[in-house]
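One structure is given here, and the rest of the page talks about it.
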């Protein structure tokens with residue numbers, strides 16, 4: 290079963306907002322075995338909406354649209370759909386009462402514009418939006434379904450989960466889409482591809498391989514579309530199993546999970562604790578861990594020691610080491626990891642110190658030079674990594690390297 | 290001048306990654322006066338790529354594509370473009386040497402796949418990618434330009450800035466697009482729309498108004514496309530000025546800048562310094578500041594004090610206060626801000642302590658309760674904010690509240 294996603298709004302086309310709805314909807318549809326063949330973003334323009342709808346219905350049976358359902362004049366999706374389906378707008382009592390109640394709670398008067406929000410196309414099924422004022426709408430035409438949802442991300446998400454997905458499951462006979470991902474480490478994408486090319490060329494028809502490189506790791510994703518789920522899963526398992534002979538030692542996991550999720554699970558399960566001292570990564574490593582529910586069980590403390598004084602006074606790094614070797618050095622990285630592990634009474638300490646740029650580089654230590662320190666109950670050490678040339682990339686690569694170095698020490 | 294953006298990759302359609310490239314490209318094109326009429330995301334499929342290209346060239350003169358340029362078999366954009374433009378692949382010495390050098394730095398052998406990365410369509414202009422192995426490609430057909438860029442966000446961004454935008458500016462005669470945004474607060478979207486409807490209906494032709502609601506504020510954006518920049522800017526200013534009489538007291542600003550950018554500028558200019566103590570925001574505030582180049586001038590130290598021990602031992606919070614009032618309390622928030630300001634010898638201290646959920650809430654302190662502490666050379670205080678119900682939303686809202694509270698203290 291194929292689908293198309295259409296997101297509507299000038300604010301997307303001018304880059305004012307990031308379109309996160311498309312991704313959320315893609316995930317929900319994929320999980321139910323519905324292939325997304327295209328995602329398209331267009332402006333608040335009736336001609337463009339009609340054209341996009343025609344094309345979407347030509348290539349797929351399910352069309353999910355978001356946006357353009359607000360009360361104001363720039364929002365035209367509802368009127369356009371009303372004309373597209375040759376119907377008229379009628380007042381919906383339940384939606385009207387809901388809008389009135391929501392506004393009253395915020396001390397806002399119900400006016401003509403709000404009355405307009407309760408007008409819905411006569412031929413559609415109204416999808417009640419408990420979290421906002423604009424309802425979702427479900428249209429049928431022949432074998433196809435067109436769903437229009439509000440653009441506010443959490444309203445859209447609740448409607449997808451509570452209304453759209455259950456209806457799609459009962460309306461269509463859905464086959465499975467199976468994705469499985471293997472994580473490899475310590476081998477560059479091009480070397481990996483060369484090593485497994487014979488395996489890749491002899492993959493069963495219907496399996497699609499993708500390489501997803503990230504710092505220090507390459508994910509291999511095998512996908513099977515519109516298949517029997519059980520059978521596809523065992524076929525993929527069989528194919529992945531062959532790789533153990535081809536790239537022994539490079540397979541670190543099978544998860545969709547990020548490396549920080551693997552660390553999170555390991556530390557949670559083993560009852561061990563973590564502390565982080567960050568210079569160039571500036572809090573990014575701490576925020577990656579603390580974003581995960583339950584991190585408080587193992588994450589003891591993070592220190593963002595941007596200044597040399599804070600490296601000395603908070604983490605106890607030797608001022609002489611900083612003077613002799615510089616703040617970006619093996620000695621300081623190691624001392625930071627040891628220091629934060631000690632002050633936080635943690636089992637593991639991780640540190641970063643580097644030159645994130647754009648200034649501060651030198652011929653010996655160019656922008657992108659990052660020392661990563663690790664301190665465990667057994668040992669402390671530091672390694673140097675070249676993390677690129679762009680500030681945001683250096684921060685994210687250094688964070689990824691540090692977390693994967695930590696992960697290697699957890700076994 | 291109109292453009293279309295095409296992002297290519299199965300990982301986008303299955304929702305594995307968030308498409309941030311489209312937004313970045315939209316912003317760059319808009320800033321140069323190029324209208325984006327559509328953004329579309331498709332799979333790694335030659336048929337889909339050709340179809341999307343045909344449609345894009347039918348509706349616009351500029352097509353920017355990203356993705357599908359990696360060395361592995363699933364990346365087919367380059368081969369598809371080579372066929373589309375009826376040309377052949379040739380080896381590019383400069384790209385080849387660059388790939389070899391980049392790999393050598395990482396200790397990776399140059400193999401056939403890497404040689405393939407240096408093969409480029411004969412008819413294109415190669416856009417040299419200093420930050421990665423896949424070059425960008427610039428094709429011309431009649432009055433139109435098709436640009437293919439790698440999908441790695443920072444490589445794409447550098448190529449857009451350094452290569453694509455300067456070439457587009459010299460290749461086409463560009464008119465301006467002008468967007469200006471006014472921030473209103475304390476008035477709901479529907480009330481605001483009712484109050485300004487006469488003004489909206491009498492806007493000069495060519496000006497487009499959009500309402501962008503967010504918690505507590507509504508942004509009004511006026512846009513003028515393909516116009517003389519100076520004239521459009523003064524027209525917009527004149528129209529916005531009329532609103533001072535219609536909605537007095539509700540206009541709070543005109544900035545596109547984020548609040549952390551305003552703080553960054555203020556602290557940099559005034560030579561004052563900052564330290565941050567984060568519990569529930571877990572390093573997010575520190576990472577927002579340190580993401581900005583030059584933050585080391587004022588950002589002294591951040592502490593992510595997740596455990597009570599670290600609040601006491603690192604920040605010097607009184608254990609009795611934690612026992613009496615709980616870690617999520619006015620007293621502890623204030624003591625954290627004072628503590629981090631003291632240990633970092635900073636002018637300003639900011640702290641957060643709250644319940645990010647999903648567990649840990651209670652009837653008195655439900656999930657979403659966050660205390661924010663501020664310590665300045667003159668005073669210390671803390672305020673409570675309800676930051677919602679979802680963990681990631683709580684973290685980002687609490688961070689935003691804390692930064693805007695700090696901003697208020699900088700004047």
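Chains as they are written, first to last, in our numbering: chain Z, 290 to 700; chain G, 290 to 700. Where is the CB? At the ideal position from N, CA and C, for every residue including glycine.
* Asked: What is the DSSP secondary structure of residue 291 of chain Z, reduced to helix, strand or coil?
  -> Along the first chain, read from residue 1 onward, the residue named residue 291 of chain Z stands at position 2. Taken through DSSP and simplified to helix, strand or coil, residue 291 of chain Z comes out as strand.
* Asked: CA-CA distance, residue 584 of chain G and residue 402 of chain G?
  -> In the second chain, residue 584 of chain G corresponds to position 295, counting from 1. In the second chain, residue 402 of chain G corresponds to position 113, counting from 1. Rounded to whole angstroms, residue 584 of chain G and residue 402 of chain G show a C-alpha spacing of 40 Å.
* Asked: Bridge partners of residue 567 of chain Z, per DSSP?
  -> For the purposes of this step, residue 567 of chain Z is identified with residue 278 of the first chain, where counting begins at 1. BP columns for residue 567 of chain Z point to Z:593, Z:641.
* **Whole-angstrom C-beta distance between residue 671 of chain Z and residue 683 of chain Z, which should lie under 8 Å** => Mapped onto the first chain, residue 683 of chain Z falls at position 394. Mapped onto the first chain, residue 671 of chain Z falls at position 382. In this structure, residue 683 of chain Z and residue 671 of chain Z do not form a Cβ contact; the two beta carbons are roughly 17 Å apart against a cut-off of 8 Å.
* Along the alpha helix (DSSP H) that carries residue 387 of chain Z, what are the first and last residues, could you check? => Along the first chain, read from residue 1 onward, the residue named residue 387 of chain Z stands at position 98. DSSP places residue 387 of chain Z inside the alpha helix (DSSP H), whose first and last residues are 382-394.
* Asked: Helix, strand or coil: which one does DSSP assign to residue 398 of chain G?
  -> Numbered from its first residue, the second chain carries residue 398 of chain G at position 109. The answer is coil: DSSP assigns residue 398 of chain G none of H, G, I, E or B.
* Which residue or residues does DSSP assign as beta-bridge partners of residue 675 of chain G? -> For the purposes of this step, residue 675 of chain G is taken as the residue at position 386 of the second chain. In DSSP, residue 675 of chain G forms a bridge with G:658.
* Asked: Is residue 499 of chain Z helix, strand or coil when you go by DSSP?
  -> Here residue 499 of chain Z refers to the residue found at position 210 when the first chain is read from its first residue. Three-state DSSP puts residue 499 of chain Z in a strand.
* **Inter-stretch contact (C-beta, 8 Å, three-pair minimum) for the region 441-457 of chain Z and the region 515-524 of chain Z** => Too few Cβ pairs lie closer than 8 Å, so no.
* To do: For residue 385 of chain Z, collect the residues of the same chain with a Cβ closer than 6 Å to its Cβ; drop the 5 residues on either side in sequence, then sort them by chain order.
  => Taking the first chain and counting its residues from 1, the one referred to as residue 385 of chain Z is at position 96. Counting only Cβ-Cβ distances below 6 Å, and skipping sequence neighbours, we find 407.
* **Helix, strand or coil at residue 410 of chain Z [DSSP, three-state]** => Along the first chain, one-based indexing puts residue 410 of chain Z at 121. Three-state result, residue 410 of chain Z: strand.
* To do: Return the chain-ordered list of same chain residues with a C-beta closer than 8 Å to the C-beta of residue 447 of chain G, the five sequence neighbours on each side being excluded.
  => Position 158 of the second chain holds residue 447 of chain G. 418, 419, 420.
* Asked: Which residues bound the beta strand (DSSP E) around residue 523 of chain G?
  -> Within the second chain, the letter at position 234 stands for residue 523 of chain G. Unbroken run through residue 523 of chain G is the alpha helix (DSSP H), 518-535; no beta strand (DSSP E).
* Asked: Would DSSP call residue 634 of chain G helix, strand or coil?
  -> As a working note, residue 634 of chain G is residue 345 in the second chain. Residue state, collapsed to three classes: coil.
* To do: Kindly list, in the order they appear in chain Z, the residues whose Cβ is closer than 9 Å to that of residue 327 of chain G.
  => In the second chain, the residue the question calls residue 327 of chain G occupies position 38. Correct list: 302, 329, 330, 331, 332, 337, 341.
* To do: Give the secondary structure of residue 561 of chain Z by DSSP, where H, G and I count as helix, E and B as strand, and everything else as coil.
  => Counted from its first residue, the first chain places residue 561 of chain Z at position 272. Three-state result, residue 561 of chain Z: coil.
* So which residues on chain Z does residue 436 of chain G lean against when the C-beta distance must stay under 8 Å? -> Here residue 436 of chain G refers to the residue found at position 147 of the second chain. Neighbours of residue 436 of chain G across chain Z, judged by C-beta separation under 8 Å, do not exist; the nearest C-beta is about 17 Å away.
* Asked: Checking contacts by CB at 9 Å: is residue 543 of chain G closer than that to chain Z?
  -> Counted from its first residue, the second chain places residue 543 of chain G at position 254. Not an interface residue.
* Closer than 9 Å by beta-carbon distance: list the chain G residues that pair up with residue 500 of chain Z, in chain order. => Within the first chain, residue 500 of chain Z is the residue found at index 211, counting from 1. By Cβ distance, chain G contributes 359, 360, 361, 362, 363, 364.
* Cβ-based contacts, 7 Å cut-off: residues of the region 604-627 of chain G near chain Z -> Along the region 604-627 of chain G, there is no position whose C-beta sits under 7 Å from a C-beta of chain Z.
* To do: On a CA-only basis, which of G:321, G:369, G:344, G:643 is nearest residue 334 of chain G? Give me that one, please.
  => For this step, residue 334 of chain G is matched to residue 45 along the second chain. Taking only the C-alpha atoms, the option nearest residue 334 of chain G is G:369.
* To do: Report the three-state DSSP secondary structure of residue 514 of chain Z (helix, strand or coil).
  => Counting from one through the first chain, the residue named residue 514 of chain Z turns up at place 225. Here residue 514 of chain Z sits in strand by DSSP.
* Interface positions of the region 370-389 of chain G facing chain Z (Cβ-Cβ less than 8 Å), listed along the chain -> Listed in sequence order: no entries.
* Do the region 486-504 of chain Z and the region 314-332 of chain Z meet, that is, are 3 or more Cβ pairs less than 8 Å apart? -> Judged by Cβ distances under 8 Å, the region 486-504 of chain Z makes no contact with the region 314-332 of chain Z, as fewer than three pairs qualify.
* **Test: residue 533 of chain G CB closer than 9 Å to a CB of chain A** => Judged by its chain identifiers, the structure shown contains no chain A, and its protein chains are Z and G.
* At what residue ranges does the region 397-481 of chain G contain a whole run of the beta strand (DSSP E), taking only runs of 3 or more? -> Taking 3 residues as the shortest admissible run, the region 397-481 of chain G contains the following complete beta strand (DSSP E) segments, listed from N- to C-terminal end: 408-410, 414-416, 425-430, 433-438, 465-474.
* To do: Have a look at the DSSP bridge pairing and note the partners of residue 330 of chain Z.
  => Walking along the first chain from the start, residue 330 of chain Z turns up at place 41. For residue 330 of chain Z, the pairing in a beta bridge is given by DSSP as Z:296, G:328.
* Asked: Taking Cβ-Cβ distances shorter than 8 Å, what residues in chain Z pair up with residue 595 of chain G?
  -> Within the second chain, numbered from 1, the residue matching residue 595 of chain G stands at position 306. Simply 579, 584, 585, 588, 589, 590, 591.
* **Inter-residue CB distance, residue 311 of chain G and residue 296 of chain G (contact presumed, cutoff 8 Å)** => On the second chain, residue 311 of chain G is found 22 positions in, with the first residue counted as 1. On the second chain, residue 296 of chain G is found 7 positions in, with the first residue counted as 1. So it is a contact: roughly 6 Å between Cβ atoms.
* Asked: If we cut at 9 Å on Cβ distances, does residue 312 of chain Z have a partner in chain G?
  -> For the purposes of this step, residue 312 of chain Z is taken as residue 23 along the first chain, with counting starting at 1. Interface annotation, residue 312 of chain Z: in contact with chain G, CB-CB separation under 9 Å.
* Asked: Does any CB atom of chain G fall closer than 9 Å to the CB of residue 702 of chain Z?
  -> Shown here, chain Z extends from 290 to 700; a query on residue 702 of chain Z therefore has no answer.
* Within-9 Å CB hit, residue 305 of chain G to chain Z -> Translated into positions along the second chain, residue 305 of chain G becomes position 16. Look at residue 305 of chain G: its C-beta is under 9 Å from a C-beta on chain Z.
* To do: Assign residue 379 of chain Z to buried or exposed, taking buried as 16 or more other Cβ atoms, counted over all protein chains shown, within 10 Å of its Cβ.
  => As a position in the first chain, residue 379 of chain Z is number 90, starting the count at 1. Residue environment analysis places residue 379 of chain Z among the exposed positions, since fewer than 16 neighbouring C-beta atoms fall within 10 angstroms of its C-beta.
* Asked: Does DSSP put residue 670 of chain Z in a helix, in a strand, or in coil?
  -> By 1-based counting over the first chain, the position of residue 670 of chain Z is 381. The answer is strand: DSSP assigns residue 670 of chain Z an E or B state.
* Asked: Whose CA, out of Z:516, Z:397, Z:591, lies closest to the CA of residue 568 of chain Z?
  -> For the purposes of this step, residue 568 of chain Z is taken as the residue at position 279 of the first chain. The residue with the shortest Cα to Cα distance from residue 568 of chain Z is Z:591.
* To do: Taking only the alpha-carbon atoms, compute the straight-line gap between residue 449 of chain G and residue 415 of chain G and give it to the nearest angstrom.
  => The count along the second chain starts at 1 and reaches residue 449 of chain G at position 160. The count along the second chain starts at 1 and reaches residue 415 of chain G at position 126. Rounded to whole angstroms, residue 449 of chain G to residue 415 of chain G spans 13 Å at the Cα level.
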